[in-house]
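In terms of the working numbering, the sequence shown opens at residue 129 and continues consecutively. Note that the Cβ used here is the ideal one computed from N, Cα and C, for glycine as well. Owing to the predicted nature of the structure, the values given are computational and were not obtained by experimental measurement.
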Amino acid sequence: MTVHLYHSDAYLCTFDAHVVRCWSLEDRNAVVLDQTAFYPTSGGQPHDIGTINEMSVVDVYEENGDIVHLITGNLPLGSVRGQIDWQRRLDHMQQHTGQHILSQAFLAETGAQTLSFHLGKDTSTIDLNTDHLSSEQMTRVEDRANTIVLQNRPVIIRSLTQEEVPTAGLRKPPSVKGTVRVVAVEDFDLSACGGTHLKSTGETGMIFVRRWERQHKKIRVEFLCGWRALRDHRQKNNAILHLAQSFSIGEWELLEAVERLQAEVQSCHRSLKTLREQALDHEARSLLSEAHPQDHWKIVVKAFEGRDPQEVRILALRLVHEEGVVALLGAVNDMGRLFFARSSDLPMDMGELLRETCEAIGSGGGGGRANLAQGGGLPSQEVYGALALALQKLTS
Ligand SMILES: [Zn+2]
129 MTVHLYHSDA YLCTFDAHVV RCWSLEDRNA VVLDQTAFYP TSGGQPHDIG TINEMSVVDV
189 YEENGDIVHL ITGNLPLGSV RGQIDWQRRL DHMQQHTGQH ILSQAFLAET GAQTLSFHLG
249 KDTSTIDLNT DHLSSEQMTR VEDRANTIVL QNRPVIIRSL TQEEVPTAGL RKPPSVKGTV
309 RVVAVEDFDL SACGGTHLKS TGETGMIFVR RWERQHKKIR VEFLCGWRAL RDHRQKNNAI
369 LHLAQSFSIG EWELLEAVER LQAEVQSCHR SLKTLREQAL DHEARSLLSE AHPQDHWKIV
429 VKAFEGRDPQ EVRILALRLV HEEGVVALLG AVNDMGRLFF ARSSDLPMDM GELLRETCEA
489 IGSGGGGGRA NLAQGGGLPS QEVYGALALA LQKLTS
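1) Do residue 304 and residue 276 have their CB atoms nearer than 8 angstroms?
2) Beta carbon of residue 479, beta carbon of residue 510: below 8 angstroms?
3) Starting from residue 275, trace the alpha helix (DSSP H) both ways and give me its first and last residue.
4) Between residue 228 and ligand 1, is there a pair consisting of the residue's CB and a ligand heavy atom that are separated by less than 7 angstroms?
5) Mind checking whether the beta-carbon of residue 321 lies closer than 7 angstroms to any heavy atom of ligand 1?
6) Under the assumption that residue 233 contacts residue 273 (Cβ atoms under 8 angstroms), give the Cβ distance between them as a whole number of angstroms.
7) Any idea if residue 390 is buried or exposed, counting beta-carbon neighbours within 10 angstroms, 16 or more meaning buried?
8) Which of the three DSSP states is assigned to residue 442 in this structure?
9) Do three or more CB pairs link the segment 404-421 to the segment 464-473 at distances below 8 angstroms?
10) Return yes when at least one heavy atom of ligand 1 lies under 7 angstroms from the C-beta of residue 308, else no.
11) Name the DSSP bridge partner or partners of residue 166?
12) Please list the segments of the alpha helix (DSSP H) lying wholly inside the segment 298-365, counting only runs of 4 or more residues, in order along the chain.
13) State whether the segment 314-330 contacts the segment 275-292, with contact taken as three or more CB pairs (one from each stretch) at a distance under 8 angstroms.
14) Using beta-carbon positions only, say whether residue 481 and residue 425 come within less than 8 angstroms of one another.
15) Classify residue 407 as buried or exposed, calling it buried when 16 or more other Cβ atoms lie within 10 Å of its own Cβ.
16) Can you list the alpha helix (DSSP H) stretches of 4 or more residues lying completely in the segment 403-480, in chain order?
17) For the alpha helix (DSSP H) that contains residue 520, what are its first and last residues?
18) Grouping DSSP H, G and I as helix and E and B as strand, with all else coil, what is residue 183?
19) Is residue 311 close to ligand 1? I mean its beta-carbon at under 7 angstroms from any heavy atom of the ligand.
20) Am I right that residue 316 and residue 252 are in contact with their C-beta atoms under 8 angstroms? What's the rounded C-beta distance?
21) I'd like to check one pair, residue 198 with residue 165: are the Cβ atoms closer than 8 angstroms?
22) Taking residue 337 and residue 292 to be in contact with their CB atoms under 8 angstroms, please state how far apart those CB atoms are, rounded to whole angstroms.
23) Any chance the CB of residue 246 is under 7 angstroms from a heavy atom of ligand 1?
24) When DSSP labels each residue in this structure, what does residue 141 get in the three-state scheme?
25) Just to confirm, does residue 175 get its C-beta within under 7 angstroms of one of the non-hydrogen atoms of ligand 1?
26) Once DSSP output is grouped into helix, strand and coil, what is the label at residue 260?
27) Exposed or buried, residue 377, counting other C-beta atoms within 10 Å across all chains shown (16 or more means buried)?
28) Nearest by alpha-carbon distance to residue 262: which of 340, 193 and 200 is it?
29) Just to check, is the beta-carbon of residue 135 closer than 7 angstroms to a non-hydrogen atom of ligand 1?
30) Could you name the residues that DSSP lists as bridge partners for residue 189?
31) Could you tell me which of 518, 492 and 485 sits nearest to residue 455, measuring between CA atoms?
32) What's the C-alpha gap between residue 318 and residue 310?
33) Under 7 angstroms: does the beta carbon of residue 344 sit that close to some heavy atom of ligand 1?
34) Tell me whether residue 220 counts as near ligand 1, meaning its Cβ is closer than 7 angstroms to at least one heavy atom of that ligand.
35) For residue 132, which residues does DSSP report across the bridge?
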């Protein structure tokens, strides 16, 4: 079994060791050392990266008590020097130690127990066994957790025998039997854990709950600690300052300004809708005045280039609102669309007319009811021919 140096000293970055075993694994080489400071992926915490004799360590995992390092080169048997990436390790220790503090703060302030923990690349999450948390509760939890941080309490690792476990006051029962490794945040939290932790709570830096959401009967809390919290704050601060500057207002006036803007946009939408309807009414009247007169009815025929087909459809409906009107309209865009409509007092079948027209020109298709039919799928230049043909059919 590999000696886990990260368990006795989580701050150890450089170490000497002997290669015990080496083998190829796909395009990588797997290496087992007699001792290592590289933490393997486990307990929600991702593995370390770094180098062994200048060769990159890209993955680390545990296999039957041995720690396997996947490296990008070949290592000879013998002594080697390992170096872990300290920035990544420190980040993991901040998130992990922060999680212990946050989980106990949730338990103390709301009674919610942590079910699981995931340390992600950008943010970390814990799942809580509750289906409701108010903003006020969340603020209390955050305040409690950050108070523990600022009190800079010692974080101590020790072992408990199986007999000591039931009465030790662990936050939740351990998943392993026998002697258990526990992490104690002085006079606050005691948890069984095999991860790497900071020596004191102050090193965690700020603990910040970014968001939370209900997932079935639990709540997933996304949080950031230490440098991650600072980076997040910096990014949001820059965004807010930029927005405030673009509105030429103070940053605290932003919410009000955005609400005002939303109301203005809604009002503009309403005005625009009214104006569009008025314009369509006007257009319909103008088209009716130029319509092809028949005995007791008239036909409006027109193709519109580059116009929203839905608007052409609405125009057709507006035209046949009056009695004795047939509207044969086309929309010419990437593809051609046809809209045939007639007033309710006329007998013609627009669905049939549209089908016959498409069949006769040999492209496009569609259908609809007797009073309104629409078709598409024909090359845009065919629209003019289709309208002329439909007019001819209707008047012959
Ligand atoms: Zn832990």
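In brief:
1) A distance of 8 angstroms or more separates the beta carbons of residue 304 and residue 276.
2) No. Outside cutoff.
3) Start and end: 263-278.
4) Residue 228: yes, Cβ under 7 angstroms from ligand 1.
5) Result yes, Cβ under 7 angstroms from ligand 1.
6) Between residue 273 and residue 233 the Cβ distance is about 4 angstroms, and since that is below 8 angstroms, they are a contact.
7) With fewer than 16 other Cβ atoms within 10 Å, it is exposed.
8) Residue 442 falls in the helix class under three-state DSSP.
9) No, the segment 404-421 is not in contact with the segment 464-473.
10) It does not: the Cβ of residue 308 is nowhere closer than 7 angstroms to a heavy atom of ligand 1.
11) DSSP output for residue 166 lists no bridge partner at all.
12) The alpha helix (DSSP H) runs lying completely inside the segment 298-365 and spanning 4 residues or more number zero.
13) Proximity of the segment 314-330 to the segment 275-292 meets the contact definition, three or more beta-carbon pairs being nearer than 8 angstroms.
14) No; because the gap between Cβ atoms is not below 8 angstroms, this pair is not in contact.
15) Exposed is the call here.
16) Note on the segment 403-480: whole alpha helix (DSSP H) runs with a minimum of 4 residues are 437-447, in chain order.
17) DSSP places residue 520 in the uninterrupted alpha helix (DSSP H) bounded by 510-523.
18) Reduced to three states, the DSSP call for residue 183 is strand.
19) True, at least one ligand heavy atom lies under 7 angstroms from that Cβ.
20) At roughly 19 angstroms, the Cβ-Cβ gap does not stay under 8 angstroms, so residue 316 and residue 252 are not in contact.
21) Between residue 165 and residue 198, the gap from beta carbon to beta carbon reaches 8 angstroms or more.
22) Under the criterion of beta carbons closer than 8 angstroms, residue 337 and residue 292 do not qualify as touching, at roughly 33 angstroms.
23) No, since every heavy atom of ligand 1 falls outside the 7 angstroms radius drawn around the Cβ of residue 246.
24) When DSSP states are grouped into helix, strand and coil, residue 141 belongs to the coil group.
25) Flag unset: Cβ of residue 175 not near ligand 1.
26) Looking at residue 260 - three-state DSSP - the assignment turns out to be coil, as it is neither helix nor strand.
27) Exposed is the call here.
28) Looking at 340, 193 and 200, the one whose alpha-carbon comes closest to that of residue 262 is 340.
29) No, ligand 1 has no heavy atom inside 7 angstroms of this Cβ.
30) In DSSP, residue 189 forms a bridge with 196.
31) Checked all of 518, 492 and 485; the closest Cα to residue 455 is 518.
32) Their Cα atoms are separated by approximately 7 angstroms.
33) It does not: the Cβ of residue 344 is nowhere closer than 7 angstroms to a heavy atom of ligand 1.
34) No, ligand 1 has no heavy atom inside 7 angstroms of this Cβ.
35) BP columns for residue 132 point to 164.
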